[in-house]
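Visitor: Submitted below is the structure of interest, expressed as C-alpha cells.
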Amino acid sequence: MSKTAIILGATGLTGGILLQKLITDDRYAKIKLFSRKSVGISDPKIEEHIVDMLQLRDHAEKFTADEVFCCVGTTNAKTPDKELYHKIDYGIPVSAARLSKTNKINTFIVISALGANSESRIFYNRTKGEMENAILEFQLPKTHILQPSLIGGHREEKRLGEYIFKILMKILDPLLLGPFKKYRMIDPETIVSAMIWLANYEFNGKRITSDEIIGICTKKGV
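Here it is as C-alpha cells:
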C-alpha cells in the first residue's frame with residue numbers, strides 16, 4: 015500500500031535530502047511538507063503547506079499521514095533569542111507529536127542531537143533533552159529519536175564555526191575509537207537512510223545514538 019509521509023523541515027540540509035529520497039521511493043505516494051517557505055520543487059507527490067510553524071495546531075485537519083519525519087532545528091547564530099530558540103527546537107517537534115497522537119499517526123521519527131539531556135546545564139542540550147522527553151510521553155506506537163553527532167555535508171547558509179569544526183573533526187575522526195566512535199562526524203545521507211529504514215521496518219529502541227545510526231545503515235545495507 016502506498017503511504018503518505020509528512021516532512022517538517024524539508025528546506026534544511028537533512029530534510030531536503032529526505033524529500034529527494036522519498037520522491038524516488040515507490041512506497042510513498044504523497045509527501046506533505048509543512049514549512050515556513052517553499053522548497054521550490056515541483057513533483058506530483060508533493061503537497062506543500064506554507065504555514066507558521068509555531069502555530070502547527072491551527073492546521074490539524076491537514077496534518078494527516080502514515081508517518082511523520084521531523085527534521086526541524088535552528089542554531090544560536092540564527093536564533094540568538096533563547097525563548098524563540100526553545101519555541102522552534104522544542105515547540106515544533108512536540109506540537110507535531112501531539113498532532114500525530116490526535117490524528118492517529120503511529121510513526122514519528124525526529125532528529126535530536128547527541129548529548130541531549132533535560133538535566134544539562136547547556137541550553138542546547140537541555141532543550142533537545144526536554145523535547146525528547148515530551149515526545150516520548152505521547153507514547154506513539156513507533157517513535158524513534160535520532161541523536162546524531164556533528165552533521166557533515168554542505169549547507170547553503172554560512173556557519174563559520176561549524177565549518178572550522180568540521181575540518182577539525184575530519185582529522186580527529188580516525189582517532190575516535192571504541193566508546194568514542196559515536197562522536198565521529200556523520201553524513202546527512204546516512205541519517206536519512208536510517209530514518210527511512212526505521213519507518214518501514216521494526217527496530218527496538220527509542221533513542222538511537224550516532225554510532226547506532228551508522229550501524230543500522232551498515233548492517234541493513236541501506
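Positions in the sequence shown are counted from 1; adding 14 to them yields our numbering.
Glycine included, every Cβ here is placed at the ideal spot set by N, Cα and C.
#1: Going by the DSSP bridge assignment, what does S134 pair with across the sheet?
#2: So does I230 have its beta carbon nearer than 7 Å to some heavy atom of the ligand SAH?
#3: Name the DSSP beta bridge partners of L160, please?
#4: Contact defined as beta carbons within less than 8 Å: I believe L32 pairs with C84. What is the distance between those atoms, to the nearest angstrom?
#5: CA-CA distance, W211 and L160?
#6: Does the stretch 148-164 come within contact of the stretch 209-225, defined as at least 3 CB pairs closer than 8 Å?
#7: For the alpha helix (DSSP H) that I111 lies in, which residues bound it at each end?
#8: With distances taken Cα to Cα, identify the nearest neighbour of D40 among S16, I230, E75.
#9: Tell me which residue opens and which closes the beta strand (DSSP E) that V206 is part of.
#10: Do T28 and I230 have their C-beta atoms closer together than 8 Å?
#11: What does DSSP give as the partner residue(s) for A19 in the beta ladder?
#12: Three or more C-beta pairs closer than 8 Å, one from the stretch 116-125 and one from the stretch 99-106: is that the case here?
#13: In the DSSP assignment, find the unbroken beta strand (DSSP E) run with H254 in it and report its ends.
#14: Given this structure, state the Cα-to-Cα distance separating R221 from M199, to the nearest angstrom.
#15: Looking only at DSSP bridge pairs, what is I165 linked to?
#16: Under DSSP, the alpha helix (DSSP H) around K96 begins and ends at which residues?
#17: Restricting to Cα atoms, I'd like to know which of S163, G192, I136, V108 is closest to E151.
Guide: On the basis of the supplied data:
#1: None; S134 has no bridge partner.
#2: The ligand SAH is absent from the structure shown, which contains no ligand whatsoever.
#3: I125, I222
#4: Going by Cβ atoms, the distance from L32 to C84 rounds to 10 Å, so no, they are not a contact pair.
#5: 12 Å
#6: yes
#7: Looking at the sequence provided, one finds Ala at residue 111 rather than Ile. First-last of the alpha helix (DSSP H) with A111: 106-116.
#8: S16
#9: Premise fails: V206 lies in the alpha helix (DSSP H), 202-214, not in any beta strand (DSSP E).
#10: no
#11: I45, E81
#12: no
#13: Not covered by the structure: residue 254. The range shown for the chain is 15 to 236.
#14: 18 Å
#15: I200
#16: 96-100
#17: V108
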